[in-house]
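The sequence shown maps to residues 2 to 512 in the numbering used here.
The beta carbon of each residue, even a glycine, is placed where N, CA and C say it ideally should be.
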Amino acid sequence: MIPRKSLKNKFPKMRFWRFTFSALIRIAMGYIFLSNMFVVVVQATGVIDIFYDVLALQFVQQLDDICFSLARMDVFGKRMRTAATQKCFRVEFERYPFSASRRKGIFLKTLYFFNIIGLLSGMAIINMKQNRGDYYCNSISVTFGNEIWEDAIILTPEGKIENSVLVFSYFDGVYKKSGEMHNRRPVYVEQNKFDGTPFNTTIPAEIKYCESEQAWVFMHKNIRKSRKKDDGDCPWILSSMETTEFSLLEVPETWRIWTGTINPHARLSTVCNECNNLADCNYHGDCTGGECICEVGTGYFGTHCEHKQPCPVLVGDWNDTWYLTFIDEANFFVSYDRPVYTYLKGLNVSVEDQDILTLLYAGSRWFGMVFEDGKIRDQSYWLQYGKEFHAFWEKAYSELTVIVSDTTSESDPVATDFYIIGERGKQYGPYGEVSIWTINTNLICFRFLGSIFSIFLRKFQIQLWVSVADNFHVCNRMKSKILYYCCFSFHFPITPAHERTNRKWFLSMRR
2 MIPRKSLKNK
12 FPKMRFWRFT
22 FSALIRIAMG
32 YIFLSNMFVV
42 VVQATGVIDI
52 FYDVLALQFV
62 QQLDDICFSL
72 ARMDVFGKRM
82 RTAATQKCFR
92 VEFERYPFSA
102 SRRKGIFLKT
112 LYFFNIIGLL
122 SGMAIINMKQ
132 NRGDYYCNSI
142 SVTFGNEIWE
152 DAIILTPEGK
162 IENSVLVFSY
172 FDGVYKKSGE
182 MHNRRPVYVE
192 QNKFDGTPFN
202 TTIPAEIKYC
212 ESEQAWVFMH
222 KNIRKSRKKD
232 DGDCPWILSS
242 METTEFSLLE
252 VPETWRIWTG
262 TINPHARLST
272 VCNECNNLAD
282 CNYHGDCTGG
292 ECICEVGTGY
302 FGTHCEHKQP
312 CPVLVGDWND
322 TWYLTFIDEA
332 NFFVSYDRPV
342 YTYLKGLNVS
352 VEDQDILTLL
362 YAGSRWFGMV
372 FEDGKIRDQS
382 YWLQYGKEFH
392 AFWEKAYSEL
402 TVIVSDTTSE
412 SDPVATDFYI
422 IGERGKQYGP
432 YGEVSIWTIN
442 TNLICFRFLG
452 SIFSIFLRKF
462 QIQLWVSVAD
472 NFHVCNRMKS
482 KILYYCCFSF
492 HFPITPAHER
502 TNRKWFLSMR
512 R
């Protein structure tokens with residue numbers, strides 16, 4: 002360091018504080034360089050990446066020295082050359098006395114020591130958090146393809162081995178990071194299909210990294226590829242291609258799948274359920290604590306508020322009526338992030354008086370399932386059942402399933418083709434003999450109430466919606482202008498937009 006006295010003797014007009022300020026800027030540049038290098042080392046995935054990034058940082062840091070040398074060579078013009086060749090850049094200053102130099106050396110060594118301690122401490126803290134899995138997404142949504150394993154080998158709770166039809170989309174839904182790490186990577190555990198919380202009794206599936214396979218794998222302790230015990234610690238039924246990725250979200254969507262033989266063209270997609278801004282909530286909710294909280298009153302729901310307000314009543318081509326199933330005055334039942342509907346009347350299907358027929362989503366299709374003695378069950382039973390329901394373990398496609406839809410990812414079954422299930426057996430395929438039955442989008446969705454979840458009207462909603470549906474069918478059959486006003490001029494407010502829509506419908510029917 003240049004002493005103040007020496008600088009004043011050589012250049013009386015030069016202010017020492019300016020000289021000190023420029024030196025401090027150089028020190029700050031050095032610390033910025035160290036900080037950038039620390040970030041590079043932390044985020045790098047390979048040694049060669051660190052080498053190239055540090056080389057680039059070193060070049061950026063030396064740009065001012067390079068420019069100064071070029072200015073002295075008259076590359077940037079005469080004025081820059083004159084400024085860069087002033088006497089102050091060539092003069093030699095007096096050295097500090099030995100005692101002062103020694104004190105300075107001790108100070109610099111102490112400073113270097115603390116710099117190293119700071120860098121190593123930062124690396125240790127980050128490494129500890131990495132091993133703990135703090136930097137991975139805590140909750141993901143997993144979507145499988147439409148693959149089916151018709152003779153899946155299942156270990157029952159009684160310890161028996163049996164065959165069952167495994168539709169992989171039954172395992173769609175929310176998976177959350179467990180507390181354990183496997184091969185320095187997180188383990189994601191399947192959550193229930195009702196509210197995305199852990200199962201209580203149902204054994205969940207897992208997605209984790211398997212070192213022996215050099216891949217991420219999907220597995221379940223009760224599903225096997227062979228009746229003999231699987232070798233290794235990862236008896237997978239889906240496996241990614243070989244990868245060293247630490248984050249499941251970075252793994253390509255093309256996976257290998259076991260359906261009796263290995264199929265290398267399956268699909269498994271993952272999305273992080275944590276939000277960073279309103280766009281992650283589709284502008285239908287607030288991002289609070291990394292979670293989307295859907296706005297009250299809009300009707301949107303889902304992990305990213307991506308699903309629209311469900312239709313309160315569905316009416317099919319056979320005059321069959323289905324109504325939205327509520328838990329209480331404010332909430333409705335959900336299965337696989339979709340609303341559940343209960344059958345009321347009109348379908349040419351025999352249902353016992355004490356049973357209920359429901360229309361629920363199971364990963365990629367809607368199923369019409371009969372629940373025996375459903376009408377005599379209380380609310381607490383259905384809440385518990387909903388939290389433990391799993392389409393595979395509950396055998397969504399069974400003798401009690403009478404309707405199945407085409408594959409769909411829509412928020413409700415509107416405009417989806419449905420099929421009545423007839424004869425069953427392997428000769429008919431995994432879904433049996435089916436005949437088409439369609440829910441028509443023009444006949445089903447009644448939203449005349451504005452806010453359909455009005456507390457005052459909710460007690461009477463089923464009877465009201467059924468009356469609306471019946472009147473609609475009368476209008477459709479009679480095509481009468483008088484009945485048009487009878488059917489559409491209800492005792493609740495209809496906006497001008499509704500009126501225009503209804504008039505267009507009537508004119509089209511008259512033609």
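Under the rule that 16 or more other beta-carbon atoms within 10 Å means buried, what is residue i, buried or exposed?
{"i": "Tyr32", "result": "exposed"}
{"i": "Gly286", "result": "buried"}
{"i": "Lys482", "result": "With a pLDDT of 28 at Lys482, under the threshold of 50, the modelled position of that residue is not reliable, and no figure is offered here."}
{"i": "Cys276", "result": "buried"}
{"i": "Cys211", "result": "buried"}
{"i": "Cys89", "result": "exposed"}
{"i": "Gly134", "result": "buried"}
{"i": "Pro199", "result": "exposed"}
{"i": "Ala125", "result": "exposed"}
{"i": "Gly146", "result": "buried"}
{"i": "Pro13", "result": "exposed"}
{"i": "Ile325", "result": "The sequence shown places Leu at residue 325, rather than the Ile named in the question. With 16 or more other Cβ atoms within 10 Å, it is buried."}
{"i": "Tyr485", "result": "Residue placement at Tyr485 cannot be trusted, given a pLDDT of 26 that sits under 50; the coordinates are not used to answer."}
{"i": "Ser336", "result": "buried"}
{"i": "Ile422", "result": "buried"}
{"i": "Thr202", "result": "exposed"}
{"i": "Ser213", "result": "exposed"}
{"i": "Ile404", "result": "buried"}
{"i": "Trp18", "result": "exposed"}
{"i": "Ser170", "result": "buried"}
{"i": "Leu315", "result": "buried"}
Quick one: grab the DSSP three-state call for residue i.
{"i": "Glu251", "result": "helix"}
{"i": "Lys88", "result": "helix"}
{"i": "Arg339", "result": "strand"}
{"i": "Asn164", "result": "strand"}
{"i": "Ala392", "result": "coil"}
{"i": "Met81", "result": "helix"}
{"i": "Asn264", "result": "strand"}
{"i": "Tyr420", "result": "strand"}
{"i": "Gly369", "result": "strand"}
{"i": "Ser509", "result": "Because Ser509 sits at a pLDDT of 44, beneath the cut-off of 50, its placement in the model cannot be relied upon, and the point is left open."}
{"i": "Ser227", "result": "coil"}
{"i": "Ala45", "result": "coil"}
{"i": "Ala125", "result": "helix"}
{"i": "Lys105", "result": "helix"}
{"i": "Ile328", "result": "coil"}
{"i": "Cys68", "result": "helix"}
{"i": "Arg5", "result": "helix"}
{"i": "Asp54", "result": "helix"}
{"i": "Phe17", "result": "helix"}
{"i": "Thr359", "result": "strand"}
{"i": "Lys177", "result": "strand"}
{"i": "Met182", "result": "strand"}
{"i": "Ile204", "result": "coil"}
{"i": "Leu120", "result": "helix"}
Using CA atoms only, rank isn't needed, just tell me which of the options is closest to residue i.
{"i": "Phe52", "options": "Asp65, Met38, Gly375", "result": "Met38"}
{"i": "Val272", "options": "Ala72, Gly286, Ser248", "result": "Ser248"}
{"i": "Glu191", "options": "Thr417, Glu400, Phe393", "result": "Phe393"}
{"i": "Arg73", "options": "Gln63, Asp65, Leu64, Ala84", "result": "Ala84"}
{"i": "Trp256", "options": "Asn277, Arg228, Asn223, Ile208", "result": "Ile208"}
{"i": "Ser540", "options": "His305, Asn164, Ile357, Val371", "result": "The requested residue 540 is not part of the displayed model; the chain covers only 2 to 512."}
{"i": "Trp323", "options": "Pro414, Asn332, Pro253", "result": "Pro414"}
{"i": "Gly298", "options": "Ala331, Phe172, Arg27", "result": "Ala331"}
{"i": "Asn116", "options": "Leu279, Leu35, Ile377, Tyr136", "result": "Leu35"}
{"i": "Phe407", "options": "Asp418, Phe302, Tyr398", "result": "Residue identity differs from the one stated: residue 407 is Asp in this sequence, not Phe. It is Asp418 whose Cα lies nearest to the Cα of Asp407."}
{"i": "Ile238", "options": "Ile149, Asp321, Val188, Leu279", "result": "Ile149"}
{"i": "Tyr342", "options": "Asn147, Asp321, Asp173", "result": "Asp321"}
{"i": "Leu71", "options": "Gln62, Leu58, Phe114, Thr86", "result": "Thr86"}
{"i": "Trp217", "options": "Ser227, Thr244, Ile224", "result": "Thr244"}
{"i": "Ile155", "options": "Phe114, Leu109, Asn193, Lys229", "result": "Lys229"}
{"i": "Phe334", "options": "Gln380, Asn349, Val76, Asp318", "result": "Gln380"}
{"i": "Lys161", "options": "Asn132, Arg225, Asp338, Phe172", "result": "Arg225"}
{"i": "Lys11", "options": "Asp66, Val40, Ile28, Val92", "result": "Val92"}
{"i": "Ile263", "options": "Ser270, Ala280, Ser240", "result": "Ser240"}
{"i": "Glu373", "options": "Gln355, Arg366, Ala45", "result": "Gln355"}
Hey, is residue i's beta-carbon within less than 8 Å of any beta-carbon in chain D?
{"i": "Ala153", "result": "Protein chain content of the structure displayed is limited to a single chain, and chain D is not contained in it."}
task: Pick out the complete beta strand (DSSP E) segments inside the stretch 267-312, 3 residues or longer, and give them in chain order.
output: 286-289, 292-295
message: Three Cβ pairs or more, each shorter than 8 Å: is that satisfied between the stretch 184-200 and the stretch 292-299?
response: no
- request: Taking 8 Å as the threshold, find out whether the stretch 306-322 comes into contact with the stretch 406-413 through three or more Cβ pairs.
  value: Yes, the stretch 306-322 touches the stretch 406-413.
task: Could you say if the stretch 359-367 and the stretch 376-385 meet the contact criterion of at least three C-beta pairs nearer than 8 Å?
output: no
query: Does the pairing of the stretch 166-179 with the stretch 127-144 give three or more beta-carbon distances under 8 Å?
result: Judged by Cβ distances under 8 Å, the stretch 166-179 makes contact with the stretch 127-144, as three or more pairs qualify.
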